[in-house]
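Its first residue numbered 1178, the sequence shown is counted upward by one per residue in my numbering.
We treat Cβ as the ideally placed atom computed from N, Cα and C, and that holds for glycine.
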Amino acid sequence: MQQLSKRLQRNDEECFSDTTLAGVMALTLYELQAGTSTQASGWLSHVRGATSLVKLRGERNFANTFGFHLYFASQLNDLIHAVGRRKRMLASADWSELQYGKEPPSAIQLFDILQELPSIIEYADAIKAAQTGTEDHTIVNHLLALTGRAQSFELRLTEWFSKLEKDQSQQSNPLLFWPEPSTLYTRVPPSHPSRVFPTFLCFPDMAIAEQVVLCWTALLFIPRLLHYTEQRLKQDGELPSSYRVGSSLSALATDSTDLAKKVAQSLEYFLHPDVGLMELQFIGFPMNLAMATCNSLGLKEAAFFGLVRARLKETNTGMGDFLDTMLAKGGGLAAVRLLVS
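So this is what it looks like as structure tokens:
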């Protein structure tokens, strides 16, 4: 870390090495854990720096397992940043076109789909900001276009999920996730409101856990977003007979309640003492979205997130303060404004 600044100023292999990228990303972890007053702005600054370095590294990102893990983590931070800003992700290389053998890894396939989410949110915000008037027909066209994009996004994610499920079924452990007795559940009195889930969701490994929870988290946007477009079209008297609510296209994205509960029940998997700080960093994004959804729908499961926060504080990290800062600055709840409309 002491040599990081010098390494970054050198335009050579040392500058683009896994070690250098890991150092930059370690700074994002520091900002998250330190609990300083500038942690949110510092985190965003280091995320941008890591993103730039990833783009410059090109195919070096996939030269070995460690490099690929760093790439995956940087893409997650990039996505969180873009969703928090409610702006489309900046153009980057299409990593899905690189040669991986038979096909890209499931994580690459997932991020190729997820990068569309911030753009959909941005488009929806623009429609919501538009005033009704002489150009109502234009608004209707945009609402129908938004519906199509949201349904396409949902369909791609559910197809990705089905393929992951099929691939996992051929492994020694054929399940993508399964319930296990919850330790958090047993730590609170029977009458406590946060004592909601007697089980948590377990996964074959951490990589699959991250991908599945990201998929569910992204799908949280779709049912409420499509409900908004349907209500807006009904309000304007322009609901076509062919209009279909997107959640009916998929057995996976049944409703926001089901998805939010799945995400909430998954959080304990990332809170085990042996998972390390990097996995604690992962849960912030899905936790914020699931918590906002539960609160907006008035679900009793919203009380469970207080139990998760208490567990985070026990780890002596600044994660709780970081989440509060991101929420206050629009990095969290602002991202789910469509969910509570």
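Residues that Trp1355 bridges to, as DSSP identifies them:
In the sequence shown, counting from the first residue as 1, residue 1355 sits at position 178. BP columns for Trp1355 point to Cys1379.
Euclidean distance between Cα positions of Arg1238 and Gln1286
Numbered from 1 along the sequence shown, position 61 holds the residue referred to as residue 1238. Numbered from 1 along the sequence shown, position 109 holds the residue referred to as residue 1286. One point to set straight first is that residue 1238 is Asn, not Arg, in the sequence displayed. Their backbone Cα atoms lie some 15 Å apart in a straight line.
Does any CB atom of chain B fall closer than 7 Å to the CB of Ser1433?
The structure shown has no chain B; it contains just one protein chain.
Cβ distance (whole Å) where Ile1304 is taken to contact Leu1323 below 8 Å
Translated into positions along the sequence shown, residue 1304 becomes position 127. Translated into positions along the sequence shown, residue 1323 becomes position 146. Confirmed, Cβ separation roughly 6 Å.
What's the C-alpha gap between Leu1403 and Thr1394?
For the purposes of this step, residue 1403 is identified with residue 226 of the sequence shown, where counting begins at 1. For the purposes of this step, residue 1394 is identified with residue 217 of the sequence shown, where counting begins at 1. Taking the straight line joining both Cα atoms gives about 16 Å.
So, Phe1377 versus Ala1386, is the Cβ gap smaller than 7 Å?
Position 200 of the sequence shown, counted from the start, is the residue given in the question as residue 1377. Position 209 of the sequence shown, counted from the start, is the residue given in the question as residue 1386. Their beta carbons are not under 7 Å apart, which means Phe1377 does not touch Ala1386 by this criterion.
Thinking Val1260 and Tyr1248 are a contact (beta carbons under 8 Å), I'd like their distance in whole angstroms, please.
Position 83 of the sequence shown holds residue 1260. Position 71 of the sequence shown holds residue 1248. Rounded, the Cβ-Cβ distance is 19 Å, inconsistent with contact.
Separation of Ala1487 from Ala1469, as counted between CA atoms
The residue given as residue 1469 occupies position 292 in the sequence shown. The residue given as residue 1487 occupies position 310 in the sequence shown. One C-alpha to the other measures close to 18 Å.
Determine the burial state of Thr1315: buried for a count of at least 16 other Cβ atoms within 10 Å of its Cβ, exposed for fewer.
Taking the sequence shown and counting its residues from 1, the one referred to as residue 1315 is at position 138. Classification of Thr1315: exposed, given that the 10 Å Cβ count is below 16.
Give the secondary structure of Pro1366 by DSSP, where H, G and I count as helix, E and B as strand, and everything else as coil.
For the purposes of this step, residue 1366 is taken as the residue at position 189 of the sequence shown. Reduced to three states, the DSSP call for Pro1366 is coil.
Rounded separation between Glu1357 and Thr1196 - CA only:
For this step, residue 1357 is matched to residue 180 along the sequence shown. For this step, residue 1196 is matched to residue 19 along the sequence shown. Going from the Cα of Glu1357 to the Cα of Thr1196 covers about 37 Å.
Cα-Cα, which of Ser1443, Pro1295 and Arg1326 is closest to Phe1481?
Sequence index remark: in the sequence shown, residue 1481 carries index 304 (1-based). The shortest Cα separation from Phe1481 among Ser1443, Pro1295 and Arg1326 belongs to Ser1443.
Cβ pair His1223, Thr1242 closer than 7 Å:
Translated into the one-based positions of the sequence shown, residue 1223 becomes position 46. Translated into the one-based positions of the sequence shown, residue 1242 becomes position 65. No, the pair does not count as a contact, with Cβ atoms beyond the cut-off.
Report yes if the CB atom of Leu1341 is closer than 7 Å to the CB atom of Leu1484, and no otherwise.
Sequence index remark: in the sequence shown, residue 1341 carries index 164 (1-based). Sequence index remark: in the sequence shown, residue 1484 carries index 307 (1-based). Not closer than 7 Å, so no.
State yes or no: is the C-beta of Gln1252 within less than 7 Å of the C-beta of Phe1288?
Numbered from 1 along the sequence shown, position 75 holds the residue referred to as residue 1252. Numbered from 1 along the sequence shown, position 111 holds the residue referred to as residue 1288. Yes; because the gap between Cβ atoms is below 7 Å, this pair is in contact.
Can you grab the Cα-Cα spacing for the pair Ala1301 / Phe1398, in whole Å?
In the sequence shown, residue 1301 corresponds to position 124, counting from 1. In the sequence shown, residue 1398 corresponds to position 221, counting from 1. Going by the C-alpha atoms only, they are around 11 Å apart.
Cα-Cα separation, Glu1191 to Ala1199:
Looking up residue 1191 in the sequence shown gives position 14. Looking up residue 1199 in the sequence shown gives position 22. The straight-line gap from Cα to Cα measures roughly 12 Å.
By DSSP, does Ile1460 sit in helix, in strand, or in coil?
Within the sequence shown, residue 1460 is the residue found at index 283, counting from 1. It is coil, neither helix nor strand.
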